[in-house]
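Following: one structure in structure tokens, then a few remarks.
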Amino acid sequence: MLLTDEEQAMADGTEGPAVAAAMDLLVRYGEALGAERLVETRNVAGTTTQPSPAKERLVAEGGWDKAFSVISLDSDGDFAVPGVRVPTCQLQSGFGVDALDTVPYPRHWAELQGEAEAYIGGRGVNILATCTPYQVGNLPVRGEHCAWMESSAVVYCNSVLGARTNCEGGASTGAASLTGRIPYWGNHLAENRYGTHLVQVDARVEDLLDWGMLGYFVGDLVQEQRPVVVGPYARPDLTDLKHFGAAAASSGGVELYHLPGITPEAPTVEAAFGGGRVPGAVSYGPAERRRMYETLNDQGSSTDVDFVLLGCPHASLEQLRDTARALDGRKLHSGTELWIMAPAALAMVARRTGYTAVIEAAGGKVLTDSCPAMSRTAPAGTRVFATDSAKQAHYLPAILGIEAWFGTLEDCVDAAVTGRWRGELR
Ligand code: F3S
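Using the working numbering, the letters of the sequence shown correspond one by one to residues 123 to 548.
Next up, the structure:
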């Protein structure tokens, strides 16, 4: 690993033992990946506040510095952790104490997370508390090198914003926050950003449901490669792209896709493939669309719905507005709960705009900071849930052992007010 003079000085301890431990971790990590050097970053997004038994034990043994050095720097050194060197934000983790009236989440976990937030906040980490930092002020520019965690955020960062990040972890983002460096490999290199597969859309792709199903199809098709998806399809908005990428990162491991004429590194199909050979297209037609719908609904058998979950990835303002409109003047079924997950900053906008009052008048809840998959919790007694998110339909049945229905926002709200699943593909 080739280090600059500044990096070597950090590794030698001129900025203290915590920064030296961070450099040591990045060098080991980069060498394992075959990276020849590090790259400067001024945009780190990690999640370091998630409560766990190991973290609780470390805090009890040696305080938060100890927990951070072991978990985020892979070091058993005994040192004080300084403030972050570059702009860093906290993504989602567990629920806070303000959610405990609604969510059956252990109080001591919520309190531990609150302590963790105070600790990293005191070191200059911005507590955005969302898996969609790009919705609430963290918008890297095209070509910017980032160090982000969270698969749905990573694919949005690379594909929609044209910034560059690999799918990092808690340790590498912790080390990046103290050094402003991350190994230069994978998605940071231009030659690794060109398309590998061509997908031709020959079916209806017009709304959020369709973008989720199309994402689920391309993820399953390309796995960790890079799809180039050509229309015709309705021009996607932020929410469509958020769901498309999250679904592609769930059924596969997609970190970067191109929509020619829409995403920034693909003005044309040829540009998306870097001027190289354009492969033959795989069709996404009506049969594939129906197959995706059936796959995403194959975890559902009982039509009695206990729980409706919206906002995965965390909801946009438009989704909060549409949920309020769909619930306006209605009441949830007595045996069914509805939660919509949102970034804390947008939840504040939704409350001031009046969306939250409408959702709450119907019996629904706007929640922040986490989600059922991340916190491994749902309303007590949930056996069957419904969602408009392909990502949650993919993960939550396995995480919580519950049945899933997948459909439109309207199907989900209908299930919330009737207690029954009546969705079907249109
Ligand atoms: Fe976000 Fe949870 Fe979905 S972290 S992407 S709402 S699984």
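By construction, the Cβ of each residue, glycine as well, lies at the ideal position given by its N, Cα and C atoms.
Please indicate yes or no: does the CB of residue i lie closer than 7 Å to some heavy atom of the ligand F3S?
i, result
"ALA368", "yes"
"GLN212", "no"
"HIS436", "yes"
"CYS534", "no"
"MET463", "yes"
"LYS513", "yes"
"CYS279", "no"
"ALA221", "no"
"ALA495", "yes"
"CYS253", "yes"
"SER274", "yes"
In whole angstroms, give me the CA-to-CA distance for residue i and residue j.
i, j, result
"VAL391", "TYR355", "15 Å"
"PRO435", "CYS253", "6 Å"
"GLU239", "GLY337", "33 Å"
"ALA189", "ALA437", "32 Å"
"ILE249", "MET496", "17 Å"
"GLU272", "ASP491", "14 Å"
"ASP450", "SER511", "22 Å"
"ALA312", "PHE366", "23 Å"
"ARG473", "ALA479", "7 Å"
"VAL327", "THR170", "37 Å"
"GLU624", "ARG303", "The question about residue 624 has no answer, for the chain in this structure spans 123 to 548."
"PRO401", "THR126", "40 Å"
"THR417", "ALA142", "48 Å"
"ARG544", "VAL430", "13 Å"
"ALA393", "VAL351", "13 Å"
"ASP199", "TRP186", "Sequence check: residue 199 is Gly here, not Asp. One C-alpha to the other measures close to 13 Å."
"GLY433", "ALA131", "45 Å"
"PHE201", "TYR241", "15 Å"
"PHE528", "GLY334", "10 Å"
"LEU442", "ARG207", "35 Å"
"LEU381", "ALA388", "7 Å"
"CYS493", "GLU183", "29 Å"
For residue i, I'd like the list of residues in its chain whose CB is within less than 7 Å of its CB, leaving aside the five on either flank, ordered along the chain.
i, result
"GLN172", "SER215, GLY216"
"LEU454", "LEU460, ALA484, GLY485, GLY486, ALA538, VAL539"
"ASP426", "VAL506, GLY541, ARG542"
"TRP270", "ALA167, VAL276, CYS279, THR287, GLU290"
"LEU155", "PRO305, TRP307"
"ASN309", "ASN280, ARG286, THR287, ASN288, ARG315, GLU377, LEU378"
"TRP231", "PRO173, GLY216"
"ARG452", "ALA484, VAL539"
"GLY374", "GLY341, ASP342, VAL344, GLN345, GLU346"
"GLU162", "HIS267, GLY302, ARG303"
"VAL471", "LEU439"
"CYS534", "VAL430, LEU432, ALA508, THR509, ASP510"
Which same chain residues end up closer than 8 Å to residue i when comparing Cβ atoms and leaving out the 5 residues on each side of it in sequence?
i, result
"GLU525", "GLN421, GLY422, SER423, SER424, ARG505, VAL506, PHE507, PRO519"
"LEU234", "PRO173, LYS177, GLU178, VAL181"
"ASP359", "GLU440"
"LEU148", "LEU160, SER294, ALA297, ALA298, THR301, ARG303, ILE304, PRO305"
"TYR517", "SER372, ALA495"
"THR357", "Looking at the sequence shown, residue 357 is not Thr but Arg. Within the same chain, ARG357 has close Cβ partners ILE384."
"ALA133", "LEU125, ALA142, MET145, ASP146, VAL149"
"GLY553", "Past the edges of the chain, shown from 123 to 548, lies residue 553, and the structure says nothing about it."
Between residue i and the rest of its own chain, which residues show a CB-CB distance below 6 Å, the 5 nearest in sequence each way excluded?
i, result
"GLU153", "MET123"
"ALA368", "SER274, PRO435, LYS513"
"CYS211", "ALA167, ASN248, LEU250, PRO255, ASN260"
"GLY205", "ARG245, GLY246"
"LEU547", "TYR415"
"PHE395", "TYR316, GLY317"
"LEU522", "ALA500"
"LEU331", "THR530"
"LEU489", "ALA221, TRP461, MET463"
"ALA467", "VAL258"
"ALA469", "VAL488, THR490"
Quick check: is the beta carbon of residue i nearer than 8 Å to any beta carbon in chain C?
i, result
"VAL208", "Of the protein chains in this structure there is only one, and it is not chain C."
My parser needs the alpha helix (DSSP H) runs of 4 or more residues fully inside the segment 147-219; what are they? Listed in chain order, the complete alpha helix (DSSP H) runs (minimum 4 residues) inside the segment 147-219 are 175-193.
Please go through the segment 379-427 and give each complete beta strand (DSSP E) segment of 3 or more residues, from N-terminal end onward. The beta strand (DSSP E) runs of length 3 or more contained entirely in the segment 379-427 are, from start to end of the chain, 403-406.
Give the list of continuous alpha helix (DSSP H) stretches no shorter than 4 residues that lie fully inside the segment 448-533. Those alpha helix (DSSP H) runs which fall completely within the segment 448-533 and span 4+ residues are 466-475, 477-484, 494-497, 512-522.
Beta strand (DSSP E) runs wholly inside the segment 313-364, at least 3 long, in chain order: Fully enclosed beta strand (DSSP E) runs of 3 or longer: 319-323, 349-352.
Give, in chain order, every unbroken run of the alpha helix (DSSP H) that is at least 4 residues long and sits entirely within the segment 209-275. Within the segment 209-275, the runs of alpha helix (DSSP H) that reach at least 4 residues and sit entirely inside it are, in chain order, 229-243.
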